[in-house]
Amino acid sequence: QMDEIDVLLRLPDCGVSEIPEAERSPSPEPVYDQAGARVNSREVRRREALEAKRLELIESLKPRAAQKCWRKLIVPIDKYPGYNFFGAIIGPRGNAQKRMERESGCKIVIRGRGAIKEGCGRHDGKPLGPEDDEPMHVLIEGPDEESVEKGQELVTQVLNPYSESAIAQKERQMRELAIINGTLKEEDLAANAANWSNAAAKGALWRAPPPPVSAPNCGGTMDDEYASFMAELSGGGPAPPGGAGGPGAPGG
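Numbering-wise, my numbering puts 89 at position 76 of the sequence shown, and it's gapless, one number per residue.
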């Protein structure tokens with residue numbers, strides 16, 4: 014169709030002579046420019062119509078930018094003071110965030126005050142914007158409403174520290190952290206997931222790492238290691254032993 018239009022536009026009369034008289038539209042009252050040339054002749058109107066059609070075809074061939082859907086969830090820091098939402102959402106080595114993104118098909122990022130360590134820039138390399146001075150929030154962006162709703166469901170579970178899913182995620186993160194740090198007992202690597210909650214509460218899957226030479230008496234507990242990890246994620250430095258719970262945070 015584009016080729017046909019280009020051929021007609023190259024003709025002196027834009028193909029008007031090839032249109033049967035019976036199929037031609039009625040001519041309007043003639044209009045002339047200052048030089049006395051008619052500006053609404055059949056040929057002029059034909060050319061304008063062909064050029065408009067050509068432009069319409071070109072626009073239709075351009076790739077359409079996908080219209081993404083998104084949600085903005087406020088992190089309830091005031092409701093649960095002292096709870097490390099940032100660490101809970103990100104997880105050891107970003108595993109929790111990656112898992113939620115993988116399961117929902119969405120991009121999930123934390124923005125707002127407290128989401129960026131002091132003196133550091135954004136992880137995406139972009140300059141700080143107005144949204145970075147807002148209360149901490151989670152942005153969920155996906156290709157469709159179904160994906161965004163799934164992402165919202167996963168994040169909402171983490172934003173309620175006392176929900177079963179949030180507690181289960183903490184247990185999963187402690188297990189991942191123990192594996193990363195090499196402090197998970199070898200005999201418990203294949204532990205039944207159904208028993209993990211009770212085992213985690215008792216510290217059954219935890220063993221103290223080999224002490225360094227400079228500190229022969231050092232050791233740790235599961236919650237100490239987890240609290241230290243969470244504190245470092247938030248830029249507050251390692252937490253003191255026994256500091257995993259914190260004000261407003263559920264016990265582990």
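C-beta: ideal position from N, C-alpha, C; glycine also.
Secondary structure note for Ile71: its alpha helix (DSSP H) is the uninterrupted segment 55 to 74. For the pair Gly118 and Gln110, the CB atoms are not nearer than the 8 angstroms cut-off. Ile192 counts as exposed, since fewer than 16 other C-beta atoms from the protein chains shown sit within 10 angstroms of its C-beta. Glu147 and Ile121 have their C-alpha atoms roughly 17 angstroms apart. By a beta-carbon distance limit of 8 angstroms, Gln170 contacts Ser178. Their separation comes to about 4 angstroms. Residue pairing of Val122 in beta bridges, as defined by DSSP: Leu152. Cα atoms of Ser30 and Arg59: separation of roughly 11 angstroms, rounded to the nearest angstrom. Judged by their CB atoms, Ile102 and Ile129 are not nearer to each other than the 8 angstroms cut-off. Pairing Pro94 with Pro174, the inter-Cα distance amounts to about 11 angstroms. In the same chain as Gly127, and ignoring 5 residues on each side of it, the C-beta atoms closer than 8 angstroms to its own belong to Ile90, Phe99, Met149, Ser247, in chain order.
Annotated three-state conformation of Leu86 is strand, per DSSP.
Each residue's CA atom was taken as its position, placing Arg112 and Glu154 some 15 angstroms apart. If you draw a straight line from the Cα of Arg37 to the Cα of Pro25, it is about 17 angstroms long. The DSSP-derived three-state label of Arg135 is coil. Per DSSP, reduced to three states, the secondary structure at Arg23 is helical.
Residue state for Arg188 is assigned as helix, using DSSP reduced to three classes. Scanning Lys75, Arg51, Ile18, Glu114 for the CA closest to the CA of Arg67 turns up Ile18. Straight-line spacing of the CA atoms in Glu61 and Val161 works out to 45 angstroms.
Residues Glu147, Pro148, Met149, His150 of the same chain have their beta carbon placed closer than 6 angstroms to that of Gly125, with the five preceding and five following residues left out of the count. Spanning the alpha carbons of Gly164 and Arg188 requires a straight line of approximately 23 angstroms.
No Cβ-Cβ contact shorter than 8 angstroms links Leu22 with Lys85.
In the DSSP assignment, Asn108 falls within the unbroken alpha helix (DSSP H) covering 108 to 117. In this structure, Leu172 places its C-beta atom within 8 angstroms of the C-beta atom of Val88.
Scanning its chain for C-beta atoms nearer than 7 angstroms, with the 5 sequence neighbours on each side dropped, one finds around Glu56 the residues Asp26, Cys27, Val29, in chain order. Tyr96 counts as buried, since no fewer than 16 other beta carbons sit within 10 angstroms of its beta carbon. The C-alpha of Asn108 is placed about 20 angstroms away from the C-alpha of Ser176.
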